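Numbering (my numbering), first residue to last: 46 to 182. Backbone N, C-alpha and C fix where the C-beta goes; we use that ideal spot for every residue, glycine too. The structure presented is a predicted model; accordingly, all values stated were derived computationally and were not measured. Remarks on the structure that follows.
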Amino acid sequence: MKPKYDLIKDKSGVSINEHCIRVSKNKRLKDDKIRLLAYLHEVFEDTDVSEDDLYTLGLTRMDVDTLKLLTRYKVMTYRNYIRKIIDSGDMDAIIIKASDLEDNMDMTRYNRNLTTRDKSLLKRYKIAYHLIRINLK
């Protein structure tokens, strides 16, 4: 499933599909199911794919719940979003978020000089990564 990710650009101007592929290939992810969830971690935030679409593809309620945890809703602060993932105790979501943050902090992704916004995002990602890492088991 390639949920229209090619049409969406990430904050560094690259197709979000590339980001999702990199996140799903992180060495931390030990099986095909968690790699699939990692690939789909942006699905609710960045596409019009619905829960029903995912059930039709064979995902379980638990899988969809993990993807919902990984979704930052517009009304939610970034800090509360990270806290939601940690407080859930869902190790798949925590591991996927760690992988996502590792990719977001990879300076080789940026094909331009960093803007003030980029630097601010990197600082936020580093703080979130520290919080996520201390909750990895």
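Taken in chain order, the whole alpha helix (DSSP H) runs of length 4 or more contained in the region 102 to 143 are 106 to 114, 123 to 133.
Inter-segment contact for the region 56 to 75 and the region 141 to 149 is present: three or more beta-carbon pairs are separated by less than 8 angstroms.
By the beta-carbon neighbour count (other beta carbons within 10 angstroms, threshold 16), His175 is exposed.
DSSP, reduced to helix, strand and coil, places Ser60 within a strand of the structure shown. Here the region 107 to 114 makes contact with the region 81 to 89; the two share three or more CB pairs at distances below 8 angstroms. With contacts defined as CB atoms closer than 9 angstroms, Leu99 and Asp93 fail to qualify as a contacting pair. Here DSSP, grouped into helix, strand and coil, assigns Met152 to helix. Arg80 and Leu74 have their C-alpha atoms spaced approximately 6 angstroms apart. Secondary structure at Leu74: coil, using DSSP grouped into helix, strand and coil.
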